[in-house]
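Numbering (our numbering), first residue to last: 132 to 234.
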Amino acid sequence: MFLAGVDEAGYGPLLGPFTVGWSMFRVPDPGTDLWEVTTRSCARKPPRKDRRLMVDDSKLVNAGTRGRERLERAVAAFRELSAGGSHGLDNWLSTPPASSRKW
Numbered sequence: 132m133f134l135a136g137v138d139e140a141g142y143g144p145l146l147g148p149f150t151v152g153w154s155m156f157r158v159p160d161p162g163t164d165l166w167e168v169t170t171r172s173c174a175r176k177p178p179r180k181d182r183r184l185m186v187d188d189s190k191l192v193n194a195g196t197r198g199r200e201r202l203e204r205a206v207a208a209f210r211e212l213s214a215g216g217s218h219g220l221d222n223w224l225s226t227p228p229a230s231s232r233k234w
């Protein structure tokens, strides 16, 4: 079974750039709870010093002084997984971060 989602970013054709993104995940069965499966790696609002990814509405993730860092970290993690270059989200999160100059 697959779970798919679509989201938009921007203000539409009248006010500026408009971008649409999508994602699709293969899950073993319809009853799969993705929050339970990813509990070691992701949280909607992880406590301070928690290395888990903050995964939520991008406006919430991007809020505050470290918002962009949180958002980029989550995007980079899922991008790495989609490219097949990692051995799992938990493994990727335990890797020391690269400096922003490498991005």
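Cβ atoms here follow ideal geometry from the backbone N, Cα and C, with glycine treated the same way. Just so you know, these numbers come straight off a predicted model, no measurement behind them.
Limits of the unbroken beta strand (DSSP E) element including residue i
i: VAL158; result: Neither: VAL158 is in no beta strand (DSSP E) and is coded neither H nor E.
i: VAL262; result: The structure shown does not extend to residue 262, since the chain is modelled only from 132 through 234, so no value can be given for it.
Cβ-Cβ distance between residue i and residue j below 8 Å
i: MET132; j: PRO161; result: yes
i: ALA135; j: MET155; result: yes
Distance between residue j and residue i (C-alpha atoms, nearest Å)
i: GLU211; j: GLY195; result: 25 Å
i: TRP166; j: GLY147; result: 34 Å
i: SER189; j: ALA205; result: 10 Å
i: SER213; j: ARG197; result: 25 Å
i: ARG183; j: LEU202; result: 12 Å
i: THR170; j: LYS176; result: 12 Å
i: SER225; j: LEU145; result: 43 Å
i: ARG199; j: PRO159; result: 33 Å
i: LYS180; j: ARG157; result: 31 Å
i: VAL151; j: ASP164; result: 25 Å
i: MET185; j: LEU191; result: 9 Å
Span of the alpha helix (DSSP H), counted from its first residue to its last, around residue i
i: ALA194; result: Careful: ALA194 lies outside any alpha helix (DSSP H) and carries neither H nor E.
i: VAL168; result: 165–168
Cutoff 6 Å; reference residue i; Cβ partners in own chain excluding five residues on either side
i: VAL137; result: TRP153
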